[in-house]
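Protein chains in written order, with the numbering used here: chain A, 4 to 124; chain B, 2 to 115. Okay, so here's the structure we're looking at.
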Amino acid sequence: GAVVSQHPSWVICKSGTSVKIECRSLDFQATTMFWYRQFPKQSLMLMATSNEGSKATYEQGVEKDKFLINHASLTLSTLTVTSAHPEDSSFYICSARDRLTSGSPSYNEQFFGPGTRLTVL
Amino acid sequence: AQSVTQLDSHVSVSEGTPVLLRCNYSSSYSPSLFWYVQHPNKGLQLLLKYTSAATLVKGINGFEAEFKKSETSFHLTKPSAHMSDAAEYFCVVTPSGGYQKVTFGTGTKLQVIP
Numbered sequence: 004g005a006v007v008s009q010h011p012s013w014v015i016c017k018s019g020t021s022v023k024i025e026c027r028s029l030d031f032q033a034t035t036m037f038w039y040r041q042f043p044k045q046s047l048m049l050m051a052t053s054n055e056g057s058k059a060t061y062e063q064g065v066e067k068d069k070f071l072i073n074h075a076s077l078t079l080s081t082l083t084v085t086s087a088h089p090e091d092s093s094f095y096i097c098s099a100r101d102r103l104t105s106g107s108p109s110y111n112e113q114f115f116g117p118g119t120r121l122t123v124l
Numbered sequence: 002a003q004s005v006t007q008l009d010s011h012v013s014v015s016e017g018t019p020v021l022l023r024c025n026y027s028s029s030y031s032p033s034l035f036w037y038v039q040h041p042n043k044g045l046q047l048l049l050k051y052t053s054a055a056t057l058v059k060g061i062n063g064f065e066a067e068f069k070k071s072e073t074s075f076h077l078t079k080p081s082a083h084m085s086d087a088a089e090y091f092c093v094v095t096p097s098g099g100y101q102k103v104t105f106g107t108g109t110k111l112q113v114i115p
């Protein structure tokens with residue numbers, strides 16, 4: 004149980020185009036999902052918290068107009084990198100919390116997707 | 002405020018010998034602590050977690066960790082390293098009670114020498 008998928012697993016695009024990455028909780032519902040970015044040989048950096056039915060909360064320094072997040076349902080959050088440039092190339096990972104564990108210590112556990120490798124040429 | 006310090010960026014062990022990956026944390030509230038493993042170009046897999054129950058936590062693949070409040074530590078251990086254990090390991094902390102962001106350590110790369 005508690006499986007999170009991401010699509011696509013890798014994508015190559017030209018500079019100036021937009022790319023959408025999907026994050027799905029397959030066997031549970033998630034009112035909260037998280038988007039991370041990971042540079043080579045570095046730790047994960049939280050970009051934003053995605054809340055179902057409301058606006059995402061972005062971390063300081065993350066451009067909300069560049070990284071558009073939509074969390075339209077309890078099982079899907081999308082990250083759209085708009086007008087991508089080579090410096091946006093990175094490994095993007097999403098995670099989700101199981102809403103049924105809300106209020107218990109287990110709610111702290113995040114289930115991670117397999118990641119999406121974005122390369123912008 | 003909370004923080005996580007993984008004391009070693011790189012650990013190298015011989016196959017069959019013990020593994021020790023160190024993690025110290027600071028948190029204003031009773032924390033939940035996690036260890037995740039990441040293989041190259043893969044997502045994160047949960048190894049084990051501490052959420053205020055038993056202080057000695059057993060995880061998958063023979064790993065375990067002990068929560069020591071007095072030392073603010075949550076070190077990851079395994080009695081005998083296997084080649085398949087070679088990966089990046091992340092220690093993660095979040096305050097108990099949910100609705101809080103997690104804080105990742107900088108990671109420890111484990112190399113297993115045949």
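Glycine included, every Cβ here is placed at the ideal spot set by N, Cα and C.
Residue 42 (chain A) and residue 94 (chain A) have their C-alpha atoms roughly 7 Å apart.
Of all residues in the segment 19 to 50 of chain B, those with a C-beta nearer than 8 Å to a C-beta of chain A are 33, 35, 37, 42, 43, 44, 45, 46, 47 and 50, reading in chain order. Within chain A, 46 have C-beta atoms less than 7 Å from the C-beta of residue 108 (chain B), given in sequence order. Looking only at A:76, A:63, A:78 and A:83, the smallest Cα-Cα distance to residue 69 (chain A) is reached by A:83. Proximity of residue 98 (chain A) to chain B, defined by a Cβ-Cβ separation below 9 Å, is satisfied.
Residue 20 (chain A) and residue 61 (chain A) have their alpha carbons spaced roughly 22 Å apart. The beta carbon of residue 105 (chain B) sits closer than 9 Å to some beta carbon of chain A. Per DSSP, the unbroken beta strand (DSSP E) holding residue 99 (chain A) starts and ends at 93 to 99. Listed along chain B are 103, each with a C-beta nearer than 7 Å to that of residue 113 (chain A).
Taking the Cβ atoms as the reference, residue 39 (chain B) lies roughly 12 Å from residue 92 (chain B), outside the contact range of under 8 Å. Judged by DSSP in its simplified three-state form, residue 89 (chain A) adopts helix. With respect to the C-alpha of residue 33 (chain A), the residue from A:22, A:50, A:8 and A:79 having the closest C-alpha is A:79.
Under a 10 Å Cβ-count criterion, residue 36 (chain A) is classified as buried, with 16 or more other Cβ atoms of the shown protein chains found around its own Cβ.
Listed along the chain, the chain A residues whose CB falls inside 8 Å of the CB of residue 91 (chain B) are 46 and 47.
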